[in-house]
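Everything in the sequence shown is counted per full-length UniProt numbering, starting at 1 for the first residue and increasing by one.
The beta-carbon is built from N, C-alpha and C at its ideal position, and this holds for glycine as well.
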Amino acid sequence: MLGWTVLPVGAWRSGVLGPARRPAPALMTLVPLAFRVLDVAGSPPPAYANGHKDTVGVPSKSTVRLAVQFGHHTDPASPYMYHCHIPRHEDSGMMGPFVIVRPGTENQVPRTLPGAGHGR
């Protein structure tokens, strides 16, 4: 969904939560990061979505674009998660891990975690 897996500490990224074809609304969070909503379906966010957020509602058949700065704590062995609070959405691409690492070490981090697996 977001395509983030390994990010350098302090990096800013934007991403789109969706997809627009999803028929049901979603409630997304990036643990433990705060983010800013840039737009909802290409329009400025409503007033309640302004400022730093830790969770955002994604309307049905729509998208939300956000900007995130990736924290201060690095730990390549302990991933953080982005996920939807609706369990059935997690298994359809609305959940994934990411790690925050020291700049310049992104290519040294394994892309799999031994013994990890959602729903196994």
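Nearest to residue i (by Cα), restricted to the options the options
| i | options | result |
| --- | --- | --- |
| Arg-65 | Val-6, Val-16, Leu-7, Trp-12 | Val-16 |
| Val-68 | Val-31, Ser-60, Tyr-48 | Val-31 |
| Ser-58 | Pro-23, Phe-70, Arg-111, Ala-77 | What sits at residue 58 in the sequence shown is Val, not Ser. Of Pro-23, Phe-70, Arg-111, Ala-77, the residue nearest in Cα terms is Pro-23. |
| Ile-86 | Val-56, Ala-47, Gly-51 | Val-56 |
| Pro-103 | Arg-111, Ala-47, Pro-76 | Pro-76 |
Where residue i falls, given that 16 or more other Cβ within 10 Å makes a residue buried
| i | result |
| --- | --- |
| Ala-34 | exposed |
| Val-101 | buried |
| His-89 | buried |
| Pro-45 | buried |
| Gly-18 | buried |
| Tyr-82 | buried |
Beta-bridge pairing of residue i - partner residues as DSSP gives them
| i | result |
| --- | --- |
| Pro-8 | Val-101 |
| Gln-69 | Trp-12 |
| Gly-96 | Tyr-82 |
| residue 184 | Since the first residue of the chain shown is 1 and the last is 120, residue 184 is not available in this structure. |
Chain-order list of residues whose beta-carbon lies under 8 Å from that of residue i (same chain, five-residue window excluded)
| i | result |
| --- | --- |
| His-73 | Val-9, Ile-100 |
| Asp-39 | Pro-45, Val-64, Arg-65 |
| Pro-79 | Pro-97, Phe-98, Val-99, Leu-113 |
6 Å CB neighbourhood of residue i in its chain, flanking five on each side removed
| i | result |
| --- | --- |
| Arg-36 | Ala-67 |
Residue i and residue j closer than 8 Å at C-beta
| i | j | result |
| --- | --- | --- |
| Ala-41 | Thr-63 | yes |
Own chain, CB closer than 7 Å to residue i, minus 5 neighbours either side, in chain order
| i | result |
| --- | --- |
| Cys-84 | Ala-26, Leu-27, Met-28, Glu-90, Met-94, Met-95 |
| Val-109 | Val-6, Pro-76, Val-99, Val-101 |
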